[in-house]
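K.L.:
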Amino acid sequence: MTDLREALDRLLEAVPPKRLAESVQRLIADYRSGRPADEPLLRNMVDATAYAAYRMPATHAAVAAVLRQLQDKAAPRSLLDVGGGSGAATWAALDAFPGLETVTVLDQVPEALKLGERMLPRATWRQWRLGEPLDTADLVLVSYVLGELTPEAQHDLVDQAGAAAAQAVVIVEPGTPPGYRRILDARQRLLEAGWTVAAPCPHQQACGMTGKDWCHFSARVNRSALHRKLKEAELGYEDEKFSYVALTREEHHGRGRVVRHPAFRKGLVTLQVCNPDTKVGPTLVSKREGPAYKAARDAEWGDEWPPLDP
Ligand SMILES: C[S@@+](CC[C@H](N)C(=O)[O-])C[C@H]1O[C@@H](n2cnc3c(N)ncnc32)[C@H](O)[C@@H]1O
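This is the structure we're talking about:
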């Protein structure tokens, strides 16, 4: 992350802060409107730089958290980052998988690619539009892209990503109810195509979350001074909420997954856990349980439960 931060800071020196701030405000409004774009949201180099400044640290943090759950389940040597923009997900993948040799970022916006290449020249940056063929790669990442597409285009992209991936396919979306629904839909298509869910679900059945609940997670992002200024924010950090699914070719014996911040009371930890039998509900761990209690105190939202070595 430090490297990405430094690369971003160097990039931002070249653009007048006022123009960046205007671009950020417009992009925030466009993304919040939630409608699929009929023209690229990033229109020029300043837009691409603004997106990089205000969103890359957050999408990077989300993808880094996702890939930590995949590290012991895949060992990719090649990566395809589809709709990769300026490469936030690629930076996270390079951290998570040091064995990556071939790294390709595809996007429709040349400015985003140009910017990405300036920060990370070792990757291959190629203009690509949905519908054009994809090369194969061990790991295919689709990070924060589906929400920009119509439902039909989302299906096409998910199918293409699944067909292009050899070891693993990972889809990440904002941690909102619509983002979660897009993830559920992608998960279902990829299961039908023969993939196996490696994370976050500990099972291959329909999602057991009911009512108004939706499966999402959270990654903390420290904001730089410029980041704070661009977002007109006071806090030195933000929590990026995301939903995701990571699928592999092999079966995994899933443990449960902590799906909320743990709650602590004196001598008692309550973990909301999604279990291998598809039920989602509270697991209570009391101080009397010794090592399990210590493990529960250390458990975080998004971790597997129980740990391998309590
Ligand atoms: C919100 S950005 C996400 C960028 C990056 N993956 C990340 O996680 O930060 C969505 C990206 O998808 C790209 N995109 C959207 N529709 C596309 C299409 N039809 N073909 C290719 N790229 C597309 C956009 O150009 C943009 O760079």
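752 is the number of the first residue of the sequence shown in the working numbering; add one for each residue after it.
Ideal Cβ placement from N, Cα and C applies to all residues, glycine included.
#1: Do you know how far the Cα of VAL909 is from the Cα of PRO1013?
#2: Can PHE968 and ALA839 be called in contact, C-beta distance under 8 Å?
#3: Given this structure, state the Cα-to-Cα distance separating VAL1024 from ASP781, to the nearest angstrom.
#4: Please find out if some non-hydrogen atom of ligand 1 comes closer than 7 Å to the beta-carbon of MET807.
#5: What are the complete alpha helix (DSSP H) segments, minimum 4 residues, inside the region 1007-1059?
#6: Counting C-beta neighbours from all protein chains within 10 Å, is the total for ARG1008 16 or more, i.e. buried, or is it exposed?
#7: Starting from the C-beta of TYR805, find all residues in its chain whose C-beta is less than 8 Å away, skip the five residues before and the five after it, and write them out in chain order.
#8: Beta carbon of LEU881, beta carbon of LEU830: below 8 Å?
#9: At which residues does the beta strand (DSSP E) containing ALA950 begin and terminate?
#10: Would GLY898 pass as a contact of ARG933 if the rule is Cβ separation under 8 Å?
#11: Looking at C-alpha atoms only, which residue of PRO928, GLN955, VAL814 is the closest neighbour of ARG1000?
#12: According to DSSP, simplified to helix, strand and coil, what is ASP846?
#13: Give me the Cβ distance between PRO951 and ARG1006, rounded to the nearest whole Å; I'm assuming they're in contact under 8 Å.
#14: Using CA coordinates, which residue listed in THR855, ALA825, VAL1036 is at the minimum distance from TRP876?
#15: Looking at the structure shown, is SER784 part of a helix, part of a strand, or coil, going by DSSP?
#16: My output table needs one value for SER837: the three-state DSSP class, helix, strand or coil.
#17: Under DSSP, the alpha helix (DSSP H) around GLN905 begins and ends at which residues?
#18: Measuring only the C-alpha atoms, how far is VAL923 from ALA843?
#19: Which residues mark the beginning and the end of the alpha helix (DSSP H) in which ASP936 is found?
#20: Closest to GLU1002 by C-alpha separation, out of LEU818, SER894, ALA919, GLY835, would be which residue?
P.N.:
Short version:
#1: Counting from one through the sequence shown, the residue named residue 1013 turns up at place 262. Counting from one through the sequence shown, the residue named residue 909 turns up at place 158. Near 33 Å, if we compare the C-alpha coordinates of VAL909 and PRO1013.
#2: Your numbering for residue 968 matches position 217 in the sequence shown. Your numbering for residue 839 matches position 88 in the sequence shown. One thing to note: PHE968 has its Cβ no nearer than 8 Å to the Cβ of ALA839.
#3: Locating residue 1024 in the sequence shown gives position 273, counting from the first residue. Locating residue 781 in the sequence shown gives position 30, counting from the first residue. Rounded to whole angstroms, VAL1024 to ASP781 spans 35 Å at the Cα level.
#4: Within the sequence shown, the letter at position 56 stands for residue 807. Using a cutoff of 7 Å, the CB of MET807 counts as near ligand 1, since one of the ligand's heavy atoms is closer than that.
#5: Within the region 1007-1059, complete alpha helix (DSSP H) segments of at least 4 residues are found at 1042-1049, given in chain order.
#6: Taking the sequence shown and counting its residues from 1, the one referred to as residue 1008 is at position 257. Counting other Cβ atoms within 10 Å of its Cβ, ARG1008 reaches 16 or more and is therefore classed as buried.
#7: To locate residue 805, count along the sequence shown from 1; it is residue 54. Excluding sequence neighbours, TYR805 sits near VAL775, LEU778, ILE779, HIS978, LEU981, LYS982.
#8: For this step, residue 881 is matched to residue 130 along the sequence shown. For this step, residue 830 is matched to residue 79 along the sequence shown. Between LEU881 and LEU830, the gap from beta carbon to beta carbon reaches 8 Å or more.
#9: Counted from its first residue, the sequence shown places residue 950 at position 199. Run containing ALA950: 947-950, per the beta strand (DSSP E) assignment.
#10: Taking the sequence shown and counting its residues from 1, one reaches residue 898 at position 147. Taking the sequence shown and counting its residues from 1, one reaches residue 933 at position 182. Yes; because the gap between Cβ atoms is below 8 Å, this pair is in contact.
#11: On the sequence shown, residue 1000 is found 249 positions in, with the first residue counted as 1. With distances taken between Cα atoms, ARG1000 lies closest to GLN955.
#12: In the sequence shown, the residue the question calls residue 846 occupies position 95. Three-state DSSP puts ASP846 in a helix.
#13: As a position in the sequence shown, residue 951 is number 200, starting the count at 1. As a position in the sequence shown, residue 1006 is number 255, starting the count at 1. Contact flag wrong, Cβ pair sits at about 11 Å.
#14: Along the sequence shown, read from residue 1 onward, the residue named residue 876 stands at position 125. TRP876 has its Cα closest to that of THR855, out of THR855, ALA825, VAL1036.
#15: Working through the sequence shown from its first residue, we reach residue 784 at position 33. Residue state, collapsed to three classes: helix.
#16: In the sequence shown, residue 837 corresponds to position 86, counting from 1. Coil.
#17: Within the sequence shown, the letter at position 154 stands for residue 905. 902-915 is the span of the alpha helix (DSSP H), which, as asked, contains GLN905.
#18: Within the sequence shown, numbered from 1, the residue matching residue 923 stands at position 172. Within the sequence shown, numbered from 1, the residue matching residue 843 stands at position 92. Going by the C-alpha atoms only, they are around 13 Å apart.
#19: Indexing the sequence shown from 1 puts residue 936 at position 185. Element bounds for ASP936: 928-943.
#20: Your numbering for residue 1002 matches position 251 in the sequence shown. Minimum Cα distance to GLU1002 is reached at ALA919.
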